[in-house]
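Asks: If you number the sequence shown the way our numbering does, the last residue is 646 and the count never jumps. Note that beta-carbon positions come from the ideal geometry of N, C-alpha and C, so glycine has one too.
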Amino acid sequence: MIHAVPSEPLAVAADILDDDPASIDPDTLEEMFWSSRPELERIRGFAHARMAAPWAVLGCILARAAASIEPHVMLPAIVGTTASTNLFLALVGPSGGGKGAAEGAARDAVQFLDPWGNPIDVDEFTIGSGEGIARTYRAPATDEDDTDEQGRTRALFTAPEVDTLAALGSRQGSTLLGELRKAWSGESLGFQNGQKHTRHVLPRHSYRLCLIVGVQPAKAGPIIGDADGGTPQRFVWLHVQDSRIPRRAPDAAIPGPLTVSLPRFSANDEHLVVPDEAREEITTHRHAVVTGKADANPLDGHALLTRLKVAAAFMVLAGRSVVSAEDWHLAAILMHVSRRTRADVERELSEKSRAANRARAHLEAERNEIVEDKRHEANLNRAVGGIRRYLARHGASPRHKVRTSLKKDVRDQFDDALWHLIDGGEVRRIDRGGTDEYALSD
Numbered sequence: 205m206i207h208a209v210p211s212e213p214l215a216v217a218a219d220i221l222d223d224d225p226a227s228i229d230p231d232t233l234e235e236m237f238w239s240s241r242p243e244l245e246r247i248r249g250f251a252h253a254r255m256a257a258p259w260a261v262l263g264c265i266l267a268r269a270a271a272s273i274e275p276h277v278m279l280p281a282i283v284g285t286t287a288s289t290n291l292f293l294a295l296v297g298p299s300g301g302g303k304g305a306a307e308g309a310a311r312d313a314v315q316f317l318d319p320w321g322n323p324i325d326v327d328e329f330t331i332g333s334g335e336g337i338a339r340t341y342r343a344p345a346t347d348e349d350d351t352d353e354q355g356r357t358r359a360l361f362t363a364p365e366v367d368t369l370a371a372l373g374s375r376q377g378s379t380l381l382g383e384l385r386k387a388w389s390g391e392s393l394g395f396q397n398g399q400k401h402t403r404h405v406l407p408r409h410s411y412r413l414c415l416i417v418g419v420q421p422a423k424a425g426p427i428i429g430d431a432d433g434g435t436p437q438r439f440v441w442l443h444v445q446d447s448r449i450p451r452r453a454p455d456a457a458i459p460g461p462l463t464v465s466l467p468r469f470s471a472n473d474e475h476l477v478v479p480d481e482a483r484e485e486i487t488t489h490r491h492a493v494v495t496g497k498a499d500a501n502p503l504d505g506h507a508l509l510t511r512l513k514v515a516a517a518f519m520v521l522a523g524r525s526v527v528s529a530e531d532w533h534l535a536a537i538l539m540h541v542s543r544r545t546r547a548d549v550e551r552e553l554s555e556k557s558r559a560a561n562r563a564r565a566h567l568e569a570e571r572n573e574i575v576e577d578k579r580h581e582a583n584l585n586r587a588v589g590g591i592r593r594y595l596a597r598h599g600a601s602p603r604h605k606v607r608t609s610l611k612k613d614v615r616d617q618f619d620d621a622l623w624h625l626i627d628g629g630e631v632r633r634i635d636r637g638g639t640d641e642y643a644l645s646d
């Protein structure tokens, strides 16, 4: 049975999503999500007006929200140690399907301001080498002195196509994917080597790094294929296409941008306050993992931390400095959409794999057929030659003697070879009163 989500608490929806997501009516769930806060309704309207998928636009806005706060603002040490709010987003769709529209709409939809009312500009970079990530944060060098001092603290990286990211990561000696996995957690980045122009090390939690990757489903293998390493669980997956985007009239009004003023955080390391139920869910899962419970998947810990990062981004979007229970519940719904999107990608990859296997099987069958035809032709020619030679030496001979003169591996071609020679006029049949003999034609 499909249940309508109660109009009231998001908490109920979050609980149902944890236990039985298929029981929730998806349209009701989405409407409850978008109408839960004025800023979310505004973002959906802006996305529709710009003909962009609302989920993709929201994902980009949340990445920009996370990239707007300084790196010393971090998540508390619920498991192990403190965690970064660095956020990774996968925008899923065909080439030209709407990734650029979603990013552009997100850029225009929300303006983040610092506590003094100044616009927060997020520097954007195309992803390159692993070594280049740390150097992005290095202060500009002067003509007199190359520097390895850190200048920039925040950056938003993009990879328009996931296969470009995969190609960069697969180069011999590449450190890109390893550096990105460390960046997601806020670990130390960079390399301490002898060349000053390549040397730069970022201490842990000294940088804010958010990443947006364009993913064509059929090319998502490099990310999906690293499920054992937890890479897919580190991303929020959102479609760039939405069949429910309304057709906009040419004279329809476009909502203006939303302005969000960030709260004043401490100048020192600040650990965000998170709701008790988030702590409870995360620690319950971790306890199941460390005590060896059979049904506990260690990689789900990445998904829960991603959910907490999303909740922190919702906090920023609301202009607050404390992660609320509602932020945690909204993050549950967004992560539900992310899991559905990732499942769509996995299905397409599976179908691609099956199609490739079918194609290989067809090719193998054709190859085997060709090989068999060639073998048959070769054996037929050997049988024809053997019959010619035998009849040339022995003259007219009965059928069984001609057949047994052939080597065993070509005797099954005897009938075809004999009739080939008769049809070609090379051999004639002689009737000996009920017993046939065969001889070369005169």
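According to the Cβ coordinates, are residue 359 and residue 341 closer than 8 Å?
Replies: Yes; because the gap between Cβ atoms is below 8 Å, this pair is in contact.
Asks: Of all the alpha helix (DSSP H) runs that stay within the bounds of the stretch 255 to 280, which reach a length of 4 or more residues?
Replies: Counting whole runs of 4 or more residues, the stretch 255 to 280 contains the alpha helix (DSSP H) stretches 258 to 271.
Asks: Rounded to a whole number of angstroms, what is the C-alpha to C-alpha distance between residue 306 and residue 568?
Replies: Cα to Cα, residue 306 sits roughly 44 Å from residue 568.
Asks: Using the beta-carbon count (16 or more within 10 Å), is residue 450 buried or exposed?
Replies: By the neighbour-count rule (16 or more Cβ atoms within 10 Å), residue 450 is not buried but exposed.
Asks: Considering only DSSP beta bridges, list what residue 441 is partnered with.
Replies: According to DSSP, which records beta bridges pairwise, residue 441 is partnered with 294.
Asks: With a CB to CB cut of under 7 Å and the five nearest residues on each side skipped, what residues in its chain are close to residue 309?
Replies: For residue 309, where only same-chain residues beyond five positions count, the Cβ hits under 7 Å are 250, 251, 254, 256, 261.
Asks: For residue 404, I'd like the list of residues in its chain whose CB is within less than 7 Å of its CB, leaving aside the five on either flank, ordered along the chain.
Replies: 338, 339, 342, 352, 394.
Asks: Just to check my reading of the structure: residue 363 and residue 434 have Cβ atoms closer than 8 Å, yes? What is that Cβ distance to the nearest angstrom?
Replies: The pair is not a contact, with the Cβ atoms about 19 Å apart (cut-off 8 Å).
Asks: When you compare each of 625, 589, 288 to residue 438 by their alpha carbons, which one comes out closest?
Replies: The shortest Cα separation from residue 438 among 625, 589, 288 belongs to 288.
Asks: Between residue 518 and residue 566, what straight-line distance do the alpha-carbon atoms span, to the nearest angstrom?
Replies: Near 51 Å, if we compare the C-alpha coordinates of residue 566 and residue 518.
Asks: If you reduce the DSSP assignment to three classes, tell me which class residue 360 lands in.
Replies: Strand.
Asks: Check the DSSP bridge columns for residue 604 and list the partner residues they point to.
Replies: Answer is none; residue 604 lacks a bridge partner.
Asks: Cα separation between residue 384 and residue 428?
Replies: So the alpha carbons of these two residues sit roughly 15 Å apart.
Asks: Would DSSP call residue 475 helix, strand or coil?
Replies: Here residue 475 sits in strand by DSSP.
Asks: If you run the structure through DSSP and keep just helix, strand and coil, what is residue 457?
Replies: Coil at residue 457, not helix or strand.
Asks: CB residue 445 to CB residue 299, shorter than 8 Å?
Replies: No; because the gap between Cβ atoms is not below 8 Å, this pair is not in contact.
Asks: Identify, in the order they occur along the chain, each residue of the same chain with its Cβ nearer than 7 Å to the Cβ of residue 313, setting aside the five sequence neighbours on each side.
Replies: Around residue 313: 247, 250, 261, 265, 461, 462.
Asks: Smallest Cα separation from residue 648: which of 621, 544, 603, 328?
Replies: Within the shown structure, residues of the chain are numbered from 205 to 646, placing residue 648 beyond reach of any answer.
Asks: Suppose the cutoff is 8 Å on Cβ atoms and the five residues either side in sequence are ignored; what does the same chain contact list for residue 640 look like?
Replies: Only 602, 603, 633, 634 meet the Cβ criterion.
Asks: From residue 229 to residue 235, what does the alpha carbon distance come to, in whole angstroms?
Replies: Distance between the alpha carbons of residue 229 and residue 235: 10 Å.
Asks: Within its chain, find whatever has a CB closer than 8 Å to the CB of residue 611; leave out the 5 residues flanking it on each side and keep chain order.
Replies: These residues qualify, in order along the chain: 586, 590.
Asks: Quick one: grab the DSSP three-state call for residue 417.
Replies: Here residue 417 sits in strand by DSSP.
Asks: Do residue 508 and residue 263 have their CB atoms nearer than 8 Å?
Replies: Going by C-beta atoms, residue 508 is not nearer than 8 Å to residue 263.
Asks: On the CB-based measure, 16 or more other CB atoms within 10 Å of its CB, does residue 470 come out buried or exposed?
Replies: The residue is exposed, with fewer than 16 neighbouring Cβ atoms inside 10 Å.
Asks: Compare the beta carbon distance of residue 540 and residue 215 with 8 Å and say whether it is the shorter of the two.
Replies: Contact: no.
Asks: Starting from the N-terminal side, write out each stretch of the beta strand (DSSP E) that is 3 residues or longer and does not extend beyond the stretch 616 to 641.
Replies: Fully enclosed beta strand (DSSP E) runs of 3 or longer: 631 to 635.
Asks: Can you check DSSP and say which residues form a bridge with residue 323?
Replies: Partner(s): 317.
Asks: For residue 452, which of helix, strand or coil comes out of DSSP?
Replies: Residue 452 falls in the coil class under three-state DSSP.
Asks: Counting pairs of beta carbons, one from the stretch 476 to 486 and one from the stretch 273 to 285, are three or more of them closer than 8 Å?
Replies: Yes, since at least three Cβ pairs between the stretch 476 to 486 and the stretch 273 to 285 fall closer than 8 Å, the two stretches touch.
Asks: Just curious, the beta strand (DSSP E) that residue 462 is in, first and last residue?
Replies: Run containing residue 462: 462 to 465, per the beta strand (DSSP E) assignment.
Asks: Relative to the C-alpha of residue 486, which residue among 467, 464, 513 is closest?
Replies: Nearest C-alpha to residue 486: 513.
Asks: Excluding the 5 residues preceding and the 5 following residue 523 in the sequence, name in chain order all residues of the same chain whose CB lies nearer than 6 Å to its CB.
Replies: Excluding residues within five positions, the ones whose Cβ falls inside 6 Å are 464, 465.
Asks: Taking the alpha carbon of residue 409 as the point to measure from, which residue in 426, 472, 424 has its own alpha carbon closest?
Replies: Comparing Cα-Cα distances from residue 409 to each of 426, 472, 424, the minimum goes to 472.
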